[in-house]
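To convert, take the position in the sequence shown, counting from 1, and add 18; that gives the working numbering.
Each remark here refers to the structure printed beneath this line.
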Amino acid sequence: MKNLSRRLTLTLALGGALAASAAAFAVAADKDLIVFDWSGYEDPSFHPKYVEKNGDSPTFAFFGDEDEAFEKVRSGFKADLGHPCSQSVTKWREAGLLQPLDTSKITGWKDLNPGIMAMKNLATTEDGKAWFMPWDWGNTQLTYNSSKIDAKDVQSLKAFADPKFKGRVSIGDNVDDAYALASLAIGLRDWTKMTDDQFKQASDFLRQVHKNVRSYWTDTTDIVQLLSGGEVDLAWAWNDATVQSVKAGVPIKSVKDTNEGISTWVCGYVLFKDAPGNVDKAYDYLNAINDPETAKVLVKDWGYGQANAKGMAGVDQAILKEKGYDDVQKFVDKTLFQSPLPSDLKLKMIAEFEKIKAGY
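What follows is the structure, encoded as structure tokens:
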């Protein structure tokens, strides 16, 4: 999921018990609740009912990617809630970083999208325990400058490796999105079943893409600047990159119906095992962001869907159509869902992606 950095944040040196986690970026507010999140999700429009009840927003600390967040928490960083995505939940849970959620305290738990809730080993485990409240979901998709690239030239994800786009491409500095792209490009939509041969094919494809990459983007601000400034014309990016670029007046379009499809991710919130704050406020926050009204902000302003099906049903149909959520089923059959990966496969991807970016 996903870094939505829009504003300046304060840098706090975390000393004492937090020394092992080095430094984190934080916005201090309600000291009784610390949310460890992607930058941008501190937006008060996501949690107005929390502020209404508690008088202020929670304190937010930020991470750049989930592997970084995992290492910080494992090294001793303390927070109450975290915001991982589907492919990382199993890893965080198996490492003993989480405690189960009390779903009786989460208003609207039964309204969560049945398709998302059915994803194996995500929200719940086979023993019936709940570990993850899905909240935001969206796509990583082919995104391009329509004033510089003809639509017919980007109907296939193989365009990312086409030599004519040398120096004009950007993909995320993110192993999950990178291998989602590569998996789709080689015709694989269930990456949990990736064979050794398919792993090699996917890695070889990324090596070809690397030859065209001008820059690996790190967050939404980064890729929007690259697209809006004309530094790149073709990107593998999240929904909000298109939304923000269009707001900036740049003719950026996204393609959900490429020959090979798109990738879909689901992110949400977990309760850390050693949460130091007020657990009641943690549930206040979960209830605030799961409120159906939040869907209107998430879809319109960010281009993402809310996991609360009741919330999505309340969004204006014209806005759903504009953002591509009016008929989700039309592209589901060509989607790679970023389901939790086997730990050994994820480690292979991480190691190989670092080699690829280094030119090896």
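Glycine included, every Cβ here is placed at the ideal spot set by N, Cα and C.
By the 16-neighbour rule on beta-carbons within 10 angstroms, Tyr197 is buried. According to DSSP, residue pairing for Asp55 in a beta bridge involves Phe80.
Between the C-alpha atoms of Ser361 and Lys109 there is a straight-line separation of about 7 Å. Taking C-beta separations shorter than 6 Å and ignoring five residues to either side along the sequence, the partners of Met151 in its chain run Gly286, Tyr287, Leu304, following chain order. In the DSSP annotation of this structure, the continuous segment of the alpha helix (DSSP H) that includes Ile374 starts and ends at 361-375.
Boundaries for Asp215: no beta strand (DSSP E) harbours it, while the alpha helix (DSSP H) harbouring it runs 214-228, taken from the DSSP string. The criterion of a C-beta distance shorter than 7 Å is satisfied by Phe64 and Ile307.
Apart from sequence neighbours up to five positions away, the residues of its chain that approach Ala113 with a beta-carbon distance below 8 Å are Phe88, Arg92, ordered along the chain. Three or more pairs of CB atoms, one per stretch, sit closer than 8 Å, so the stretch 251-269 contacts the stretch 184-204.
At a cut-off of 3 residues, the continuous stretches assigned as beta strand (DSSP E) that sit fully inside the stretch 314-359 are 353-355.
In its chain, beyond the 5 residues on either side, Leu175, Lys176, Phe223, Glu278 have a beta carbon closer than 7 Å to the beta carbon of Ala203.
The DSSP-derived three-state label of Leu206 is coil. Distance between Lys71 and Gly248, taken at the CA atoms: about 45 Å. One alpha carbon belongs to Leu245, the other to Leu140, and they sit about 34 Å apart. With three or more CB-CB distances shorter than 8 Å, the stretch 126-145 counts as touching the stretch 322-337. Within the same chain, and ignoring the five residues on either side of Val69 in sequence, the residues whose Cβ sits closer than 7 Å to its Cβ are Pro62, Ser75.
In this structure, the CA atom of Lys147 is about 14 Å from the CA atom of Ala136. Shortest Cα-Cα distance from Ala79 to any of Leu51, Ser122, Val231 involves Leu51.
In the DSSP assignment, Asn157 forms a beta bridge with Thr282. Annotation for Asp302: Tyr68, Lys71, Asn72 place their beta carbon closer than 7 Å to its own, counting only its chain and skipping 5 residues before and after. The distance from the Cβ of Arg232 to that of Val250 is about 5 Å, consistent with a contact at the 8 Å cut-off. Under the three-state reduction of DSSP, Gly133 is assigned to helix.
For Trp254, the enclosing beta strand (DSSP E) stretches over residues 252-256. As DSSP reads the structure, Asn163 sits in a beta bridge with Ile270. With a beta-carbon spacing of about 33 Å, Asp180 and Ser57 fall beyond the 8 Å limit used to define contacts. Cβ neighbours of Phe355 within its own chain (closer than 6 Å, five residues either side excluded): Thr282.
The beta-bridge partner set that DSSP reports for Gln117 consists of Leu289.
Straight-line spacing of the CA atoms in Thr210 and Ile368 works out to 15 Å. For Ser165, the CB contacts under 8 Å within the same chain, skipping 5 residues up- and downstream, are Pro269 in chain order.
Membership of Val242 in the alpha helix (DSSP H) is indicated by the continuous run 238-246.
Asp194 sits in a helix when the DSSP states are folded into three classes.
Counting along the chain, the unbroken alpha helix (DSSP H) around Ser106 starts and ends at 104-112.
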